[in-house]
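These notes concern the structure reproduced below.
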Amino acid sequence: MKVLLLEDVKGQGKKGDIVKVSDGYAKNYLIPRKLAREVTDALLKELKAKEESRLHKIEVERAEAKALAEKIGSLNVVIRQQAGAGGKFYGSVTAKEVSEELKKQYGIELDKRKITVAEPIKTFGRYELDVKYYPDVNGKINLIVTEKE
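Each step along the sequence shown adds one to the number in numbering that gives the first Met the number 0, with nothing skipped, and position 63 is 62.
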């Protein structure tokens, strides 16, 4: 009998696997303990629909990430910092500040954990920061740090 495992079962497989087991093992152990369901045509259709839905969702998220990457790549985020003698800041510009300025200036929300600041930004100038929008969608943010007036 073929069953769909609802939980990890030692010696049989992991949750979501379709495995062939003896009828007695399935009917007397796996199914009563809600560890598995018998595979039927309806169940196979349901699993196929769920998989298609999951793949569609991933494709939509990837497309949104690519569009966001293109949009942000053409923008310049300006951060004004107060500096001491020699043009050095007190502290440095962080990914959190870049994320907040992006939201304030352009209304685009981007999680600070997606922004990579390679080395601390402690002087005025232009910087290109790497951004990981989605596992396979990367981009850049143009950052301009100027003196606070």
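Heads up, the beta-carbon is just placed ideally off N, CA and C, and yes, glycines get one too.
| Check | Outcome |
| --- | --- |
| Go ahead and pull the three-state DSSP assignment for residue 109. | coil |
| Which residues in the same chain have their Cβ closer than 6 Å to the Cβ of residue 109, if we skip the five residues on either side of it in sequence? | 98, 101 |
| Going along the chain, which unbroken runs of the beta strand (DSSP E) with 3 or more residues stay wholly within the region 117 to 146? | 124 to 133, 136 to 146 |
| Report the CB separation of residue 18 from residue 5 in whole angstroms; it is logged as a contact under 8 Å. | Residue 18 to residue 5, Cβ: 12 Å. No contact. |
| Buried or exposed: residue 132, going by 16 or more other Cβ atoms within 10 Å of its Cβ? | buried |
| Using 7 Å as the threshold, is the C-beta distance between residue 120 and residue 91 below it? | yes |
| So, with DSSP's three-state summary, where would you put residue 69? | helix |
| What number of angstroms, rounded off, separates the C-alpha of residue 54 from the C-alpha of residue 143? | 38 Å |
| Here's a check: name, in chain order, each residue in its chain whose Cβ is nearer than 7 Å to the Cβ of residue 33, leaving out the five neighbours to either side. | 5 |
| Within the continuous beta strand (DSSP E) that includes residue 3, where are the two ends? | 1 to 4 |
| Helix or strand or just coil, what does DSSP make of residue 19? | strand |
| CB-CB under 6 Å to residue 77, same chain, minus the five flanking residues each way: which ones, in chain order? | 143 |
| What residues are listed by DSSP as bridge partners for residue 78? | 144 |
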